Each structure stands twice: as structure tokens, then as C-alpha cells.
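Each remark here refers to the structure printed beneath this line.
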Amino acid sequence: MRPEPFGALVYHFGNRKLSFLKSKLLVSVVEALEHHESVHATLAACAVPEAQRPAYVKALADLSRSQMIEPRELPA
Numbered sequence: 009m010r011p012e013p014f015g016a017l018v019y020h021f022g023n024r025k026l027s028f029l030k031s032k033l034l035v036s037v038v039e040a041l042e043h044h045e046s047v048h049a050t051l052a053a054c055a056v057p058e059a060q061r062p063a064y065v066k067a068l069a070d071l072s073r074s075q076m077i078e079p080r081e082l083p084a
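Counting the sequence shown from 1 gives a position; this note's numbering is that position plus 8.
Written out as C-alpha cells, the structure is:
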């Protein structure tokens, strides 16, 4: 992730895709994902307003589909 005034650029070296994270809050959410048990816990911890959470879930799903972020295995 490369920080930019608008948020960040994300480049996947394997599939050569480039994505724009268009808000600093979205950058914070992506960076915080590894520290929380779920997407919803991350959104709450980052104080994403309830009304905006569906848009953030969609953005994260898009990043996942493009392999910019990957699901992690949780210990059983």
C-alpha cells in the first residue's frame, strides 16, 4: 500500500492489478483487519458510521475479489 493524499494505491505484483483506496478511513480499515476477528469488528473499531458500513463491506469484498486482501484462517 502506498499512501496518497486521497487514501492509498494498492498494487498486486502477481496479477498486476492496481486499486485506489479513496479514503483514509478505508486505508485504516484495511490496515486494522489483521487485528480484529471479523470485518464487522474492524469497522466498529475504526468507528465507521453504521450508515456507511455497507459501502465499506462492498469495498472490502471488491479488494478480496481482486486478491488485494485475502481471508485468513482463524484457529479452531
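For each residue, glycine too, the CB sits at the ideal point set by N, CA and C.
Keep in mind that this is a model prediction, so the values were computed, not measured.
Asked, Found
"Residue range of the alpha helix (DSSP H) that includes residue 71", "61-73"
"Per DSSP, the bridge partner or partners of residue 12", "15"
"Supposed contact pair residue 27 and residue 18 - C-beta distance, whole angstroms, cut 8 Å", "5 Å"
"Supposed close pair residue 9, residue 35 - CB separation, criterion 8 Å", "7 Å"
"Alpha carbon of residue 20 to alpha carbon of residue 57, nearest angstrom", "29 Å"
"Contact under 9 Å by Cβ, residue 16 with residue 29", "yes"
"Residues of its chain near residue 74, where Cβ-Cβ distance is below 8 Å and the 5 sequence neighbours each way are ignored", "20, 23, 25, 27"
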